[in-house]
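Q: Just so you know, the protein sequences line up as chains A and B, in that order. Counted from 1, the first sequence has number 73 at position 69 by my numbering; the numbering is strictly sequential. Counted from 1, the second sequence has number 359 at position 355 by my numbering; the numbering is strictly sequential. The C-beta atom is built at its ideal place from N, Cα and C for all residues, glycine as well.
2 protein chains.
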Amino acid sequence: MDKIFQNKLVLEILEKYKVIWSIEHAMALLSWDSETYMPEDGVGERSVAVSQLDLLKQKFITEEDFIKLVDRASEEKDLNEYELGLLRVLNRAIRIYRLLPPRLIEELAKVTEEAKIVWRNARINNNFKAFEPYLEKIFSLSKECADYLGYKEHPYDALLDLYEEGLTSKDVTQIFDSIKYRLKTVLEKIESEKEFSERHPLEDIEYDKDSMRKVNFWVAERLGYDRKRFRIDVSAHPFTIHMGLRDARITTRYEGKDFKSTLFSVIHEYGHALYGLQHNEAFMFTPLANGASLGVHESQSRFWENIIGRSMQFCTAIYPFLKENLSFLEKYSVEDVYRYFNIVRPTLIRVDADEVTYNFHILLRYELEKLTLAGEVKVQDLPTLWNSMIEDVLGVRPKTDSEGVLQDIHWSLGSIGYFPTYTIGTILSAQLRSHILKDVPNFYEKISRLEFNEIKEWLKNKVHYWGSMYPPKELLKRMLGEELNPEYFISYLEKKYLGKSI
Amino acid sequence: MDKIFQNKLVLEILEKYKVIWSIEHAMALLSWDSETYMPEDGVGERSVAVSQLDLLKQKFITEEDFIKLVDRASEEKDLNEYELGLLRVLNRAIRIYRLLPPRLIEELAKVTEEAKIVWRNARINNNFKAFEPYLEKIFSLSKECADYLGYKEHPYDALLDLYEEGLTSKDVTQIFDSIKYRLKTVLEKIESEKEFSERHPLEDIEYDKDSMRKVNFWVAERLGYDRKRFRIDVSAHPFTIHMGLRDARITTRYEGKDFKSTLFSVIHEYGHALYGLQHNEAFMFTPLANGASLGVHESQSRFWENIIGRSMQFCTAIYPFLKENLSFLEKYSVEDVYRYFNIVRPTLIRVDADEVTYNFHILLRYELEKLTLAGEVKVQDLPTLWNSMIEDVLGVRPKTDSEGVLQDIHWSLGSIGYFPTYTIGTILSAQLRSHILKDVPNFYEKISRLEFNEIKEWLKNKVHYWGSMYPPKELLKRMLGEELNPEYFISYLEKKYLGKSI
């Protein structure tokens, strides 16, 4: 391989960056361990270690010598694309860390550390009042962050940019405006035709966990799960973590019934994992070994989960193995299973939502976050507003705050501005589908034969390989020749659920 | 609890130390993960992370400001015992890091990183020649370390002190001199009486791994394994790692036959784990949350493994559960199992050795290390010398270097001077036994009822609670009122194997 980093100053930066990378590597493992294997009493010491290492990372990124070096390198001439990408990412990180006073970062870390626990109990006990003061503090600190980071039109833009570089609330509103009515129409038609909207008996049938585990691992292996670079473990909330270019780890959970939930967690997280396993190998130990953004990352998980995993072809291909190992499937045809995988029905809980209703859950959160951040809505009014809005959009109303405003962990972690990236990802996954249909002949036939090499190669060339070299908007233009376009998503849904053929 | 650290400078030190502690915490997890769950291709990135964090830790300990602070604190008056202990440990770490040039530490790290892999293959292929140049380099760098660290009589003393503070080769030689003839006599008598020395059919019987796992967990629970603070996993070589005062992790391995091996690994490692779980809680985040030395640590594992685990009382107490879960035990009485647990027979492999022959394996390594370090023996002559010496002492001669000089991982890791701590631990475990017999009434009766609370409390008060506050020799004098005394060990063995009553 040609040395893609050649500039002397850039090489010096990368040498210094190794320690930052190593801290991130360690923090990734600490976080993975906390969710999977750590004995519960270990949490106190663990949280001190994590906050210390986080401060240390911040310290190294904002060290005067390091910044000077990055500044000097940025002025060099004849930098290549890779070097420019690297410096862009570093300058962005430095800018963000410099704009935010350490005091503010520490305050946020402290309140969210407590808020996580308070939120968990508040959700269990359906007690929003307990969580309210923490949420108020989190919103007010987030507003402060936005003010320090700066924005042109809305404070929300400053936070959004942290997760999805270059995205503004104007963009997000436009996206939602362009899909919400058509989504609603799709939903209404599905409901009236009832084929995909009725409760399915498989949602309530209990599975044997060992058999289900076998199915999950078998499916992961069909997708290309490689034990030498990959792990699948169990955690309360499924997630993916990248330890490096050659070590990606996903989790799923076994709730004991409704087997599509654990299966699709595996497929979803596999999509995230594959992204990180297919970066350019030269990005090892550099900040380019990351996704372009959270939205682009989500597009990969959604692509595998929805476009591939929820297709008739995939369903047909895995059906024999499922039937063999999950005895309760005996009574169900492949069409039954396909319908079960593709139930579309308004529900209260975001993480259980289907392809069609999912984005309404995001829209709701997006609007509430924006209003609260701008001070137009008070935190104490969020529960009632939440309930009215979800009823308004989906026709279902939470009986408790636990199934309403308290359902997500995100706010307790201080992740305000994060939710829209889920919609970006979902939309982009459908856009990628349209492009791959043109580039990879017999896409769906390949799925029906569980042949994924060409598909993975295409995703690598278009997305994975580039890591975080380009900001998301630029990556799309370069690789797909166009901007994010929600039209693909809507027409995919219309064809799938109404045209009954994709 | 009273604040045991009160001095302002000491408190300042502890605040600064948190980041060092956090790096150690992360490194402990990285190391645990490497041996248990890491996908194999992750090793390249992992080793970079580990060496970077190691350098970082070193950097923080030797930072000028930190050293000045420790210096200033050390001059304070009215420091209490805890503060004095803390400063002693820190001054020792600083002294060692300052004496060793970073270049030397890096060279050692580099050669051992490669040597680990080379050694593994050399052992598999019985090819000492492949390992020889690495071992030469390791001995020569170790000699350099010894020279930098300084010593009065023998370069070996400088290395020994790294693992067992204050121990000299003169001490070690004296200890071996005082035990080797009597050990030999014990061994000869056992062999002539044949009760404990004959090959036992249980050594060859295969077990079902799931049943064995059940037995291991059950035994660990009887000892006091607390899931909230404790894990048991599987690794190629059993070990214990402390993530903190409330998170200790042990491993065992399942080789498929000779079930005592996996069972006694669990009991042995439990002893190490318990030590770290019973330190003074005020030592959290400080360098005092460590064992007093490797030898003292080993005394704890040996105490549980040999004194408790290999006793007739323990064997009798766990026998019914063993029989219930390991069906092949049907034909064997509790006396059979006891004899199987206590087979004494000269063998070639140290890790399989029994209470009596074990120390001869250590003596051999100790003498070879000392000779090689002093340049009196050449690395190339080690295989032949090894074989002659072990034959001389135990009457068995390796057919290959894999069962001889290549059997241990230690030298490939650069751990020269480490082996004697195993003998210290074994001797000390018997000494602790004599003391606990006086302090805890009906010690063996308690074991036969699997009641360990009082025993754990005694170990806590005498050893665990104090962490690394006192150097090992001082700890012994304070807690037991005497120095390390091999007499206890020999007379324990004589009584157990010859007197047939302890």
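Are the beta-carbon atoms of Glu487/A and Leu480/A separated by less than 9 Å?
A: yes
Q: Excluding the 5 residues flanking Glu259/A on each side, which residues of the same chain have their C-beta closer than 8 Å to its C-beta?
A: The answer, listed in chain order, is Ser265 and Thr266.
Q: Going along chain B, which residues have a C-beta under 8 Å from Glu49/A?
A: His29, Met247, Gly248, Leu249, Arg250, Asp251, Met288 and Phe289
Q: For Met5/A, name the three-state secondary structure that DSSP assigns.
A: Residue placement at Met5/A cannot be trusted, given a pLDDT of 48 that sits under 50; what the coordinates show is reported in the next sentence. The answer is coil: DSSP assigns Met5/A none of H, G, I, E or B.
Q: I believe Gly154/A touches Ala162/A by the beta-carbon criterion, under 8 Å. Please report the beta-carbon distance rounded to the nearest angstrom.
A: With 8 Å as the limit, Gly154/A and Ala162/A qualify as a contact, their Cβ atoms being about 6 Å apart.
Q: Does chain B have any CB closer than 9 Å to the CB of Gly471/A?
A: no
Q: Report yes or no: do three or more beta-carbon pairs, one from the region 327-340 of chain A and one from the region 459-474 of chain A, lie closer than 8 Å?
A: Contact fails: fewer than three Cβ-Cβ distances are below 8 Å.
Q: Are the C-beta atoms of Met42/B and some chain A residue less than 9 Å apart?
A: Taking Cβ atoms only, chain A reaches closer than 9 Å to Met42/B, which makes this a yes.
Q: Name the two residues that bound the continuous beta strand (DSSP E) containing Met247/B.
A: Thr244 to Gly248
Q: Output the distance between the C-alpha atoms of Leu398/A and Asp212/A, rounded to the nearest integer angstrom.
A: If I take the Cα positions, the gap works out to 34 Å.
Q: Measure the alpha-carbon distance for Trp36/B versus Leu60/B and round it to whole angstroms.
A: 19 Å
Q: So what does DSSP say about Glu87/A, is it helix, strand or coil?
A: helix
Q: On the CB-based measure, 16 or more other CB atoms within 10 Å of its CB, does Ala240/A come out buried or exposed?
A: exposed
Q: Can you give me the Cβ contacts of Gly313/B inside the same chain, cut-off strictly under 7 Å, excluding the 5 residues immediately before and after it?
A: Phe268 and Ile271
Q: Rounding to the nearest angstrom, what Cα-Cα distance links Met5/B and Val115/B in this structure?
A: Confidence in Met5/B is poor, its pLDDT being 48 and thus under 50, which makes the residue's placement too unreliable to answer from.
Q: Under 9 Å, do Phe135/B and Arg343/B count as touching if we go by C-beta distance?
A: Using a Cβ distance threshold of 9 Å, Phe135/B and Arg343/B do not count as a contacting pair.
Q: The alpha helix (DSSP H) that contains Thr66/B, what's its start and end?
A: Looking at the DSSP string, Thr66/B is not in any alpha helix (DSSP H), and its letter there is neither H nor E.
Q: Spell out whether any CB of chain A is found under 9 Å from the CB atom of Ala240/B.
A: no
Q: Take the Cβ of Val3/A as the centre, count every other Cβ of all protein chains shown within 10 Å, and call the residue buried at 16 or more, exposed below.
A: Summary: the structure shown does not reach residue 3/A, with chain A confined to residues 5 through 506, and so no result is reported for it.
Q: With a threshold of 9 Å between beta carbons, is Arg306/A in contact with chain B?
A: Using a CB distance cut-off of 9 Å, Arg306/A does not count as an interface residue toward chain B.
Q: What separation, rounded to the nearest whole angstrom, lies between the Cα atoms of Phe287/A and Glu207/A?
A: So the alpha carbons of these two residues sit roughly 43 Å apart.
Q: Can you give the Cα-Cα distance for Val300/A and Asp251/A, rounded to whole angstroms?
A: 20 Å
Q: Taking Cβ-Cβ distances shorter than 7 Å, what residues in chain B pair up with Lys22/A?
A: Ordered by position in chain B, the residues that pass the 7 Å Cβ test against Lys22/A are Val52 and Gln56.
Q: Look at the alpha carbon of Arg107/A and the alpha carbon of Val383/B, and state the distance between them as a whole number of angstroms.
A: 58 Å
Q: Closer than 9 Å, Cβ to Cβ, to anything on chain B: give me those residues from the region 211-244 of chain A, in chain order.
A: Here the close residues are Asp230, Arg231, Lys232, Arg233, Phe234, Arg235 and Asp237.
Q: What does the alpha-carbon distance come out to for the pair Tyr228/B and Met316/A?
A: Before going on, a small fix: residue 228/B reads as Gly here, not Tyr. If I take the Cα positions, the gap works out to 53 Å.
Q: Along chain B, in chain order, which residues have C-beta atoms closer than 7 Å to that of Leu34/A?
A: Ala30 and Leu33
Q: For Glu195/A, tell me which candidate among Glu373/A, Arg127/A, Thr361/A and Ser173/A has the shortest Cα-Cα distance.
A: Of the listed residues, the one whose Cα sits closest to Glu195/A is Thr361/A.
Q: For Lys460/B, I'd like the list of residues in its chain whose CB is within less than 8 Å of its CB, leaving aside the five on either flank, ordered along the chain.
A: Within the same chain, Lys460/B has close Cβ partners Gly228, Leu278 and Gln282.
Q: Determine the burial state of Asn446/A: buried for a count of at least 16 other Cβ atoms within 10 Å of its Cβ, exposed for fewer.
A: With fewer than 16 other Cβ atoms within 10 Å, it is exposed.
Q: CB-CB under 8 Å to Val238/A, same chain, minus the five flanking residues each way: which ones, in chain order?
A: Thr40, Thr255, Thr256, Arg257 and Tyr258
Q: Given a cut-off of 9 Å, decide if Ser331/B and Gly429/B are closer than it, judged by their beta-carbon atoms.
A: no
Q: Mind checking whether Leu94/B and Leu33/A have CB atoms under 9 Å apart?
A: no
Q: Which residues does DSSP pair with Phe200/A in a beta bridge?
A: According to DSSP, which records beta bridges pairwise, Phe200/A is partnered with nothing at all.
Q: Going by alpha carbons, who is nearest to Ser78/A out of Val409/A, Ile98/A, Ala113/A and Ser406/A?
A: Ile98/A
Q: For Asp340/A, which residues of its own chain have a beta-carbon under 7 Å away from its beta-carbon, when the five flanking residues on both sides are left out?
A: none
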